[in-house]
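Trainee: The letter at position 163 of the sequence shown is residue 205 when you use our numbering, and the numbering goes up by one with no holes.
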Amino acid sequence: MRVLGIETSCDETAAAIVERDDQGHGRILSNVVLSQIADHAPYGGVVPEIAARAHVEVLDRLIGQALQEAHITLDDVDAVAATAGPGLVGGLIVGLMTGKAIAMAAQKPFYAINHLEGHALTPRLTDRIDFPYLLLLVSGGHTQMVLVKGLGDYERLGTTIDDALGEAFDKTAKLLGLPYPGGPEVEKAAVLGDPDRFTLPRPLKGEERLDFSFSGLKTAVRQLATTLEPLSQTDINDICAAFQTAVADTLDDRVSRSLRRFRQSFPDVEEPALVVAGGVAANKVLRDGLQELCSENGFRFVAPPLALCTDNAAMIAWAGAERASDQAPADSLDIAPRSRWPLDMQSTPLIGAGRRGAKA
Ligand code: KG4
Ligand code: ZN
Numbered sequence: 043m044r045v046l047g048i049e050t051s052c053d054e055t056a057a058a059i060v061e062r063d064d065q066g067h068g069r070i071l072s073n074v075v076l077s078q079i080a081d082h083a084p085y086g087g088v089v090p091e092i093a094a095r096a097h098v099e100v101l102d103r104l105i106g107q108a109l110q111e112a113h114i115t116l117d118d119v120d121a122v123a124a125t126a127g128p129g130l131v132g133g134l135i136v137g138l139m140t141g142k143a144i145a146m147a148a149q150k151p152f153y154a155i156n157h158l159e160g161h162a163l164t165p166r167l168t169d170r171i172d173f174p175y176l177l178l179l180v181s182g183g184h185t186q187m188v189l190v191k192g193l194g195d196y197e198r199l200g201t202t203i204d205d206a207l208g209e210a211f212d213k214t215a216k217l218l219g220l221p222y223p224g225g226p227e228v229e230k231a232a233v234l235g236d237p238d239r240f241t242l243p244r245p246l247k248g249e250e251r252l253d254f255s256f257s258g259l260k261t262a263v264r265q266l267a268t269t270l271e272p273l274s275q276t277d278i279n280d281i282c283a284a285f286q287t288a289v290a291d292t293l294d295d296r297v298s299r300s301l302r303r304f305r306q307s308f309p310d311v312e313e314p315a316l317v318v319a320g321g322v323a324a325n326k327v328l329r330d331g332l333q334e335l336c337s338e339n340g341f342r343f344v345a346p347p348l349a350l351c352t353d354n355a356a357m358i359a360w361a362g363a364e365r366a367s368d369q370a371p372a373d374s375l376d377i378a379p380r381s382r383w384p385l386d387m388q389s390t391p392l393i394g395a396g397r398r399g400a401k402a
């Protein structure tokens with residue numbers, strides 16, 4: 043089963059060819075990603091109109107490149123998969139229409155993929171993980187703990203009730219005058235800072251629910267920065283260190299509860315796994331903290347290579363390949379893009395959560 047995947051839900055234009063054999067083993071034949079970060083950086087965030095135009099300009103070429111790098115032609119592809127949501131509608135339309143047109147012209151089955159499902163199934167491609175497992179998705183648009191029970195069977199255990207974690211990093215960076223995207227900048231400054239000079243809040247810490255909250259933390263940073271103004275480089279470094287420490291501590295509390303919940307739900311799973319995905323998973327301090335938490339709790343910690351943790355089309359092709367291999371019927375070419383599309387259709391929407399709906 044060889045699938046062409048297309049991803050255009052936010053600020054990465056991506057195309058990939060992925061293969062899945064009968065045993066469920068995957069192989070990436072090509073994975074081309076073009077980031078638009080430079081286009082959006084002057085605005086301090088993703089501008090939907092700029093994103094959609096940029097996808098239109100490069101997508102055809104990227105698909106050609108993905109086929110070429112895989113040394114195949116469209117004839118050698120068994121199915122086409124494209125992200126249909128959630129995300130920015132302008133960008134989704136570009137990828138979805140292109141995918142449908144190719145599927146129609148080449149007479150191949152078409153799969154409309156939920157971007158979050160792409161993230162959720164990636165560890166099966168990279169690490170051959172069996173269901174069930176836990177997925178912590180921490181990106182610029184989403185912060186969710188998902189129980190991945192099977193193909194198409196997802197339960198959202200917790201989500202952010204306000205800002206996504208990547209968004210909190212980006213907003214904190216902006217408040218401190220650091221460039222976009224803020225996550226890597228905050229991490230760099232934090233290394234030089236004193237984490238004990240300031241204490242910031244740990245939102246929801248100790249609460250039974252499995253949700254996350256980060257806007258209070260960002261507000262505390264704003265108040266602190268205002269009282270210190272003008273900020274010296276040492277102040278900035280110390281605030282970043284305090285922020286990152288508060289995030290790590292919060293994640294530790296929130297995630298450990300989900301690990302316990304998993305144990306209760308699946309006492310027979312011998313080697314349970316926690317998988318991380320999303321750009322924030324690049325953060326070494328947070329990653330190390332999660333790794334330690336997992337080893338303390340007897341969980342395997344799986345962090346796919348960063349290029350597959352962040353937005354890419356290999357995960358979309360793989361999700362299509364998993365569905366096609368499962369004999370799932372292909373989707374109709376009438377299917378429309380969806381800016382909001384929860385993985386867990388039973389989950390109740392939380393006010394303010396995933397507001398941007400743009401980045402996953
Ligand atoms: O998954 P991703 O590349 O894009 C989407 O959100 O779709 O995630 C980007 C987010 C940004 O908010 C960025 O600031 C954050 O991930 N990020 C980080 C780090 N690298 C990227 N956050 C914390 N520490 C990092 N090292
Ligand atoms: Zn994503």
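For each residue, glycine too, the CB sits at the ideal point set by N, CA and C.
All values derive from a computational prediction rather than experimental measurement.
(1) Taking contact to mean at least 3 C-beta pairs separated by less than 8 Å, is the region 74-81 in contact with the region 54-65?
(2) Within 10 Å of its beta-carbon, does Ile144 have 16 or more other beta-carbons around it, so buried, or fewer, so exposed?
(3) Tell me the residue span of the beta strand (DSSP E) that contains Glu197.
(4) Please report the distance separating the alpha-carbon of Asp212 from that of Gly224.
(5) For the beta strand (DSSP E) that Ser72 lies in, which residues bound it at each end?
(6) Using a Cβ-based criterion (distance less than 7 Å to any ligand heavy atom), does Cys52 qualify as near the ligand KG4?
(7) Is it right to say Asp253 is buried, meaning 16 or more other beta carbons lie within 10 angstroms of its own, or is it exposed?
(8) Using the Cα positions of Ala359 and Pro84, report the straight-line distance between them to the nearest angstrom.
(9) Could you tell me which whole alpha helix (DSSP H) segments of length 4 or greater appear in the region 190-246?
(10) On the three-state DSSP scale, how would you describe Gln186?
(11) Taking 8 Å as the threshold (C-beta atoms), are Gly208 and Val297 in contact?
(12) Assuming the contact rule is C-beta atoms closer than 8 Å, Gly132 and Pro90 should be a hit. Round their C-beta distance to whole Å, please.
(13) Cβ atoms of Ile281 and Val263: under 8 Å apart, would you say?
(14) Buried or exposed for Ile105, please, with buried defined as at least 16 other CB atoms from any protein chain shown within 10 angstroms of its CB.
(15) With DSSP collapsed to three states, give me the class of Gly47.
(16) Short of 6 Å in beta carbon distance, which residues of its chain neighbour Trp383, apart from the five on each side in sequence? Order them along the chain.
(17) Which of the three DSSP states is assigned to Thr140 in this structure?
(18) Which word fits Ser51, buried or exposed, when buried means at least 16 other C-beta atoms lie within 10 angstroms of its C-beta?
(19) Out of curiosity, what's the CA-to-CA distance linking Ala108 and Ser274?
(20) For Thr168, does the three-state DSSP call read helix, strand or coil?
(21) Are there three or more Cβ pairs, one per stretch, closer than 8 Å when the region 336-349 is compared with the region 111-118?
(22) Within 10 angstroms of the Cβ of Val88, are there 16 or more other Cβ atoms? Answer buried if so, exposed if not.
(23) Keeping to the same chain, check which residues put their C-beta closer than 6 Å to that of Glu111; ignore five residues upstream and five downstream.
(24) For the beta strand (DSSP E) containing Glu61, list its first residue and its last residue.
(25) Note down, in chain order, each residue of its chain lying with its Cβ closer than 6 Å to the Cβ of Glu54, except the 5 sequence neighbours on either side.
(26) Do Pro243 and Thr287 count as a contact pair if the criterion is CB distance below 8 Å?
(27) Extract the residue ranges of the beta strand (DSSP E) inside the region 305-346, only unbroken runs of 3 or more that lie entirely within it.
(28) Can you tell me the Cβ-Cβ gap for Ala162 and Leu385, rounded? I've got them flagged as a contact below 8 Å.
(29) Use the C-beta contact count for Gly66: other C-beta atoms within 10 angstroms, 16 or more gives buried, fewer gives exposed.
(30) Assuming the contact rule is C-beta atoms closer than 8 Å, Leu293 and Gly248 should be a hit. Round their C-beta distance to whole Å, please.
(31) Do Ala356 and Gly47 come within 8 Å of each other at the CB atom, strictly closer than that value?
(32) The alpha helix (DSSP H) spanning Gly106 covers which residue range?
(33) Rounded to whole angstroms, what's the CA-CA distance from Gly160 to Gly219? Just pull it up for me.
(34) Where does Ala366 land, buried or exposed, given buried means 16+ other C-beta within 10 angstroms?
Mentor: Taking the geometry as given:
(1) Enough Cβ pairs lie closer than 8 Å, so yes.
(2) Buried: at least 16 other Cβ atoms inside 10 Å.
(3) Per DSSP, Glu197 is one residue of the beta strand (DSSP E) stretching across 195-201.
(4) Going by the C-alpha atoms only, they are around 4 Å apart.
(5) Start and end: 68-77.
(6) Remark: the shortest separation between the CB of Cys52 and any heavy atom of the ligand KG4 falls under 7 Å.
(7) Flag for Asp253 reads buried.
(8) Going by the C-alpha atoms only, they are around 32 Å apart.
(9) 207-217, 224-234, all fully within the region 190-246.
(10) Reduced to three states, the DSSP call for Gln186 is strand.
(11) Not closer than 8 Å, so no.
(12) About 5 Å separates the beta carbons of Gly132 and Pro90, which is inside the 8 Å limit, making them a contact pair.
(13) In this structure, Val263 lies near Ile281, with their beta-carbon atoms less than 8 Å apart.
(14) The residue in question, Ile105, is buried, as its Cβ has 16 or more Cβ neighbours within 10 Å.
(15) Gly47 falls in the strand class under three-state DSSP.
(16) These residues qualify, in order along the chain: Gly127, Pro128, Asn156.
(17) In the structure shown, Thr140 sits in a helix (DSSP, three-state: H, G or I).
(18) Ser51 comes out buried.
(19) Looking at the two C-alpha atoms, the distance is approximately 47 Å.
(20) Three-state result, Thr168: helix.
(21) Flag = no, the region 336-349 and the region 111-118 do not touch.
(22) Around the C-beta of Val88, 16 or more other C-beta atoms lie within 10 Å, and the residue is accordingly described as buried.
(23) If we look at Glu111 and ignore the five residues flanking it on each side, its Cβ neighbours are Ser72.
(24) Boundaries of the beta strand (DSSP E) around Glu61: 54-62.
(25) Hits under 6 Å: Val75, Ser77, Asp353.
(26) One thing to note: Thr287 has its Cβ no nearer than 8 Å to the Cβ of Pro243.
(27) Counting only runs of 3 or more, we get 315-319, 342-344.
(28) Contact holds; Cβ gap of about 7 Å.
(29) Classification for Gly66: exposed.
(30) Not really, about 14 Å apart at Cβ, beyond 8 Å.
(31) For the pair Gly47 and Ala356, the CB atoms are nearer than the 8 Å cut-off.
(32) That run of the alpha helix (DSSP H) goes 90-111.
(33) Distance between the alpha carbons of Gly160 and Gly219: 34 Å.
(34) Looking at its Cβ environment, which holds 16 or more other Cβ atoms inside 10 Å, Ala366 is buried.
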